[in-house]
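Undergrad: Sharing a structure below in structure tokens format, with a few things to ask.
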Amino acid sequence: MMDCAKSEGAGAAATTPASAHTKVGSERSNPSAAQRPMRVAIIGAGRGGTALLEVLHQIPTIEIVGMTDKDPSAPGLKRAQELNVPVYGRTDDLLHDQPLTLLMDVTGEPAIESALRQQKPTGADIISGQASRLFWLLVQHESTLQTELLQAEKMAGFGSFAAGIAHDMNNPLQLILGMAENLAEETDLEAVHAQALDIIDAVKRTTAICRDLTSYSRRTSVQQDGLIQVNSKLDEALKIARYAVALQDIEIRKQYQPDAVVKGNPDKLLHVFVNLITNAVQAMEHHGTLTLETISTADTTQVRVSDTGCGIAPELVTRIFEPFYTTKPPGKGTGLGLYNIKNVIQLMHGTIEVESHSGQGSTFTLTFPCDSSLSEGTV
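Residues 1089 to 1467 (the numbering used here) make up the sequence shown, in order.
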């Protein structure tokens, strides 16, 4: 969100509230996008092919149309099936089954590379040998940089958590101190027992606070994407956000549709939700209405975070997803929050859309495609 003073100032001269709308995200989930996904086939499902599959699968502008290996027990073939990537027993079938843009040969066998050059579809390019390894290293390096950037932005924002943490920790600690002082002079065993139970409860409260913050601040896990229950993840984000912003004067409306599920990294999605909720409360200057909504259809799952704050000026709304762009005062923002959010959403093959009216508030809508490979386990 933008700094309220600047956003309101930009819209003050208009006779009616100025509004703005923008949308960014995956071309894969936007059929009208000018850039179509690059259609890639992976030849070789060993260690290198599996690693390449994991990296390329996260890039919205790449569509992996198939994977093949002469060894039917190759580890990459099983992982490809888990990701709904077609698996072929013969390279010929993969090459002739559909149009291709790029063939990635990670077998390291010159004979296979030579055969591919003779059989490749018209217009398709081949990357093999050391070039294929270099490509994977470059993509992996970019993925690592994105993870580091997300972690840096997360830790930079922890300064805003200090006051909330101190308040929530101080209350149970004061209770523990008072009870301990009473116990030092208490002779009634029943009273000692009751106060000991109160101390245990207070310790559990402080432990829960530490556990929540430790979980949130940890480095984003590299676990494989899994199913995420969106409603419970939004509730978890609310618990974390209350350490950064005061929620006691905010009316919170939850409009959850049951069974709203997305597929992705739970740590990254939690960070997205915490950031959007924190921004929304800051835009309302700590009073107003925060609405959290989930909508699930046969094709998509949507998450909407709405506020009744100052809104975003039309001339700013197209820039809010740029890296290091912020209208907040120095020390109040890194300018990386919405940029990182955009990157996470794109890795999940989704889109993020913002609709804002100066002086009335903003709505951020996250749209994720449904995955036919969704399994039973959720996080």
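Cβ atoms here follow ideal geometry from the backbone N, Cα and C, with glycine treated the same way. Everything numeric in this text was worked out from a predicted model, so none of it was measured.
For H1229, count neighbouring C-beta atoms within 10 Å of its own C-beta (all shown protein chains included) and say buried if the count is 16 or more, exposed if not.
TA: Under this definition H1229 is an exposed residue.
Undergrad: Can you give the Cα-Cα distance for M1436 and E1373, rounded to whole angstroms?
TA: Roughly 31 Å separates the two Cα atoms.
Undergrad: With 16 as the cutoff for other CB atoms within 10 Å, does S1161 come out buried or exposed?
TA: With fewer than 16 Cβ atoms within 10 Å of its Cβ, S1161 is classed as exposed.
Undergrad: Just the C-alpha distance for K1342 and F1223, rounded to the nearest angstrom, thanks.
TA: Their backbone Cα atoms lie some 45 Å apart in a straight line.
Undergrad: Under the rule that 16 or more other beta-carbon atoms within 10 Å means buried, what is Q1218, buried or exposed?
TA: That one is exposed.
Undergrad: So, do the segment 1363-1377 and the segment 1291-1300 have three or more beta carbon pairs nearer to each other than 8 Å?
TA: Counting Cβ pairs under 8 Å, fewer than three are found: no touch.
Undergrad: Which first and last residues belong to the beta strand (DSSP E) in which Q1206 is found?
TA: Where Q1206 is concerned, there is no enclosing beta strand (DSSP E), although the alpha helix (DSSP H) it sits in stretches over P1198 to Q1207.
Undergrad: Going by DSSP in three states, L1165 sits in which element: helix, strand or coil?
TA: Of the three classes helix, strand and coil, the one that applies to L1165 here is helix, per DSSP.
Undergrad: Taking K1327 as the reference, which of L1191, P1457 and I1365 has the closest Cα?
TA: Minimum Cα distance to K1327 is reached at I1365.
Undergrad: Within its chain, find whatever has a CB closer than 6 Å to the CB of L1322; leave out the 5 residues flanking it on each side and keep chain order.
TA: Answer for L1322: F1361 and L1380, listed in chain order.
Undergrad: Among all the DSSP beta bridges, which residues are the ones paired with A1129?
TA: In the DSSP output, where bridge partners are listed per residue, A1129 has G1154 and L1191.
Undergrad: So the beta strand (DSSP E) F1456 belongs to, where does it begin and stop?
TA: Unbroken beta strand (DSSP E) run through F1456: G1449 to P1457.
Undergrad: Apart from the five residues on each side of it in sequence, which residues of its chain come closer than 6 Å, Cβ to Cβ, to F1452?
TA: Result list for F1452: L1364, V1393 and V1442, in chain order.
Undergrad: By the three-class DSSP mapping on this structure, what secondary structure does R1135 have?
TA: Note: R1135 maps to helix in three-state DSSP.
Undergrad: With burial defined as no fewer than 16 other Cβ atoms inside 10 Å of the residue's Cβ, what is the status of H1359: buried or exposed?
TA: Flag for H1359 reads buried.
Undergrad: Going by Cα to Cα distance, which pick from Q1336, K1356, P1198 and Q1317 is closest to D1347?
TA: Looking at the Cα atoms, Q1317 is the closest of the given residues.
Undergrad: Does the Cβ of P1402 have 16 or more other Cβ atoms within 10 Å, making it buried, or fewer, making it exposed?
TA: By the 10 Å Cβ count, P1402 comes out buried.
Undergrad: I want to see whether chain C comes within less than 8 Å of L1144, judged by CB atoms only; does it?
TA: In summary, chain C is missing from the structure at hand, where a single protein chain is found.
Undergrad: Output the distance between the C-alpha atoms of E1269 and A1284, rounded to the nearest integer angstrom.
TA: So the alpha carbons of these two residues sit roughly 12 Å apart.
Undergrad: Report the CB separation of T1210 from L1182 in whole angstroms; it is logged as a contact under 8 Å.
TA: So it is not a contact: roughly 16 Å between Cβ atoms.
Undergrad: I'd like the list of long-range same chain contacts for R1178, defined as Cβ closer than 8 Å, with 5 residues on each side in sequence excluded.
TA: Cβ within range, chain order: T1156.
Undergrad: Could you pull out every unbroken alpha helix (DSSP H) segment of at least 4 residues lying fully inside the segment 1312-1387, listed in chain order?
TA: As far as the segment 1312-1387 is concerned, its whole alpha helix (DSSP H) runs of at least 4 residues are 1318-1329 and 1354-1371.
Undergrad: Using only CA atoms, which one of T1295, N1353 and Q1169 lies nearest to V1153?
TA: Per the Cα distances, Q1169.
Undergrad: Determine whether the beta carbon atoms of L1191 and I1150 lie at a separation below 8 Å.
TA: Not a contact, by the Cβ cut-off of 8 Å.
Undergrad: Is the beta carbon of D1180 less than 8 Å from the beta carbon of Q1207?
TA: Contact: yes.
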